[in-house]
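First residue of the sequence shown: 183, per my numbering; consecutive thereafter.
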Amino acid sequence: MDDHQPSAGRGAIAYRGRGDAIYLNITNRCSCACEFCIREFSDGVYGEVLVLDQEPGVEDVTAEVERAFMDGPADEVVFCGFGEPTMRLDVVLGVTEWLRLRRIRSRLDTNGHGQLLNPDLDVPAVLAAAGLTAATVSLNAADPETYDLLCRPMFSKAHRAVIRFAELCVGHGIVTTLTAVDYPGADPEGCAAIASAIGAEFRLRRLAPPPGERTSEGGEA
């Protein structure tokens, strides 16, 4: 399976979405090809095109964050774009440290594959050391078979790795929320039980607009 990078195009690095947050789009690569992913039928969210022509470095991202703050205050900065942020863990860590020094809350929205993608590091530990405030981890299924069917990961045994990643984030003091999309087969009750067992919160996410309604106006972040 390839990493499902969309075709080249200009895209936003920092953008505003729901609530008082600034969102960061640092890659279009992902280790999942989720059946319900908004990238299957949209080129962005909240009116912003997120298909990148190149991946930004730490200085590019922090410059865009500074520009975004010129438009008004934000409660937090969230790594959440058209790809899996931990595929560029060095950028996540560098930007998180930059935010910590400025006392800005940071959150990682992730598929939970960070340890699988960066096996030589203790990823939850280095995220905590960099100052990450919170993590939202997409579990999406209560059992491995359904997870593989819905999320189509590039790794085997990914479901257990996602749960373990979230559990370690909790252990390192990162405020952690497991999520599941409101999609047939996702079993939100089962996902909520897993979250409770590892000391994480749980949130059910709404489904993105269906195919045939291609848009850059909606989405879930």
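Here a beta-carbon is modelled for each residue, glycine too, at the ideal position from N, C-alpha and C.
Look at residue i and residue j and say whether their C-beta atoms are less than 8 Å apart.
{"i": "I208", "j": "V233", "result": "no"}
{"i": "C333", "j": "D291", "result": "no"}
{"i": "E258", "j": "R284", "result": "no"}
{"i": "G294", "j": "V344", "result": "yes"}
{"i": "R192", "j": "D235", "result": "yes"}
{"i": "L360", "j": "L321", "result": "yes"}
{"i": "A340", "j": "I380", "result": "no"}
Measure the alpha-carbon distance for residue i versus residue j and round it to whole angstroms.
{"i": "P366", "j": "E327", "result": "14 Å"}
{"i": "F337", "j": "R198", "result": "32 Å"}
{"i": "R289", "j": "F218", "result": "23 Å"}
{"i": "R249", "j": "A377", "result": "36 Å"}
{"i": "G372", "j": "A324", "result": "5 Å"}
{"i": "C226", "j": "P301", "result": "Sequence check: residue 226 is Gly here, not Cys. Their Cα atoms are separated by approximately 30 Å."}
{"i": "L331", "j": "R342", "result": "15 Å"}
{"i": "T278", "j": "D364", "result": "30 Å"}
{"i": "D253", "j": "G201", "result": "14 Å"}
{"i": "A256", "j": "R387", "result": "22 Å"}
{"i": "A215", "j": "A245", "result": "30 Å"}
{"i": "R211", "j": "S224", "result": "15 Å"}
Per DSSP, what kind of secondary structure is residue i in: helix, strand or coil?
{"i": "G199", "result": "coil"}
{"i": "D272", "result": "helix"}
{"i": "A382", "result": "coil"}
{"i": "T244", "result": "helix"}
{"i": "F264", "result": "coil"}
{"i": "R284", "result": "coil"}
{"i": "L298", "result": "helix"}
{"i": "Y228", "result": "coil"}
{"i": "E217", "result": "coil"}
{"i": "D304", "result": "coil"}
{"i": "T328", "result": "helix"}
Sorry if obvious, but does the Cβ on residue i come closer than 7 Å to a heavy atom of the ligand SAM?
{"i": "V233", "result": "In terms of ligand content, the structure shown is empty, and the ligand SAM therefore cannot be addressed."}
Drop a sphere of 10 angstroms on the beta-carbon of residue i, count the other beta-carbons inside from all chains shown, and report buried for 16 or more, exposed for fewer.
{"i": "E266", "result": "buried"}
{"i": "G296", "result": "buried"}
{"i": "P393", "result": "Because P393 carries a pLDDT of 44, less than 50, the predicted location of this residue cannot be relied on, and the following value inherits that uncertainty. Classification of P393: exposed, given that the 10 Å Cβ count is below 16."}
If residue i sits next to residue j, beta carbons under 8 Å apart, how far is it from one beta carbon to the other, in whole angstroms?
{"i": "A310", "j": "G355", "result": "6 Å"}
{"i": "V247", "j": "A196", "result": "6 Å"}
{"i": "V305", "j": "T358", "result": "V305 to T358, Cβ: 13 Å. No contact."}
{"i": "L281", "j": "G313", "result": "7 Å"}
{"i": "T268", "j": "V274", "result": "6 Å"}
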